[in-house]
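Undergrad:
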Amino acid sequence: MRWWDIEPVLALEHDLFPEDAWSRGMFWSDLAQARGPRATRHYVVAEAAGRIVGYAGLAAIDGTGDVLTIAAARDQWGTGLGSRLLTDLLQAATAHDCHEVLLEVRVDNTRAQRLYERFGFEPIGFRRGYYQPGNVDALVMRLSGPAAQTPARPEPADRREPQTPPRPASDPHPMTGHAPGTQGTQTHG
Ligand SMILES: CC(C)(COP(=O)(O)OP(=O)(O)OC[C@H]1O[C@@H](n2cnc3c(N)ncnc32)[C@H](O)[C@@H]1OP(=O)(O)O)[C@@H](O)C(=O)NCCC(=O)NCCS
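Quick note on full-length UniProt numbering: the sequence shown kicks off at 1 and runs consecutively.
(1) Cβ-heavy atom distance between residue 49 and ligand 1 below 8 Å?
(2) Can you tell me whether DSSP reads residue 83 as helix, strand or coil?
(3) When you compare each of 46, 42, 17 and 130 to residue 67 by their alpha carbons, which one comes out closest?
(4) Reducing DSSP to helix, strand and coil, say where residue 38 ends up.
(5) Suppose contacts are defined by Cβ-Cβ distances below 9 Å. Is residue 123 in contact with residue 102 by that definition?
(6) Would you call residue 69 buried or exposed, if buried means 16 or more other Cβ atoms sit within 10 Å of its Cβ?
(7) Quick one: is the Cβ of residue 188 within less than 8 Å of any heavy atom of ligand 1?
(8) For residue 17, which of helix, strand or coil comes out of DSSP?
(9) If you pair each beta-carbon of the stretch 78–98 with each one of the stretch 49–64, do three or more pairs fall below 8 Å?
(10) Jot down the residue ranges of each uninterrupted beta strand (DSSP E) in the UniProt domain "N-acetyltransferase" (1–146), minimum 3 residues, whole runs only, in chain order.
(11) Buried or exposed: where does residue 35 fall if 16 or more other Cβ atoms within 10 Å of its Cβ makes it buried?
(12) Just checking residue 126 against ligand 1 - is the residue's beta carbon closer than 8 Å to any of the ligand's heavy atoms?
(13) Taking 8 Å as the cut-off, is the CB of residue 91 close to at least one heavy atom of ligand 1?
(14) For the putative contact between residue 130 and residue 104, defined by C-beta atoms under 8 Å, what is the C-beta separation to the nearest angstrom?
Now the structure itself:
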């Protein structure tokens, strides 16, 4: 993703995350951290017939990756685009020597959770009221070990109780430094 992709990405962003869409400034700010030898961000877009149909972003800091956002246009759902975007992020995590990758996902976003489970992400906790407005909890998921993996075949979702304590909802996000619960600062992945 480059700066000239931000406007079409924003159009998708507002369609797919109507309640807590990232602002133009947030994309600009993150893209500024995606270039150069000390880059801590990796952003990618997917194009089809000259149109941007998906995008995703990863933060990689001190050996930990964090899926900041991942989204596919509605007419692409179920085509494998979400899987390709996530594969790209995990390859970037490997390139950044990440030993784990974390993400937050709305507890009611079962479609995204299925995608993450196929890649081996496991639930490790909740962040209460992470998504505002709406006061929706986030499920925190983690993928450990070599980041770039082939997704397992779809199988029944693992609905185990979290094994480790969740981060307190008031903690700043470890990658973005943003305190959760402020509109527009939540991660989308
Ligand atoms: C989350 C999101 C990216 C997932 O996209 P998706 O279309 O479900 O994911 P994929 O493109 O990998 O498609 C997976 C499904 O397509 C099927 N599929 C078809 N062809 C496929 C292929 N070539 N490769 C992989 N899967 C394929 C899979 O079996 C799977 O089916 P299932 O969902 O019934 O198990 C998408 O729904 C989205 O953008 N949602 C809105 C934004 C959002 O919620 N983002 C996540 C925030 S945490």
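By construction, the Cβ of each residue, glycine as well, lies at the ideal position given by its N, Cα and C atoms.
TA: In short, the structure shows the following:
(1) no
(2) helix
(3) 42
(4) coil
(5) No.
(6) Residue 69 should be labelled buried.
(7) yes
(8) The DSSP-derived three-state label of residue 17 is coil.
(9) yes
(10) Counting whole runs of 3 or more residues, the UniProt domain "N-acetyltransferase" (1–146) contains the beta strand (DSSP E) stretches 41–48, 51–61, 64–72, 100–106, 122–131 and 136–144.
(11) exposed
(12) no
(13) no
(14) The pair is a contact, with the Cβ atoms about 6 Å apart (cut-off 8 Å).
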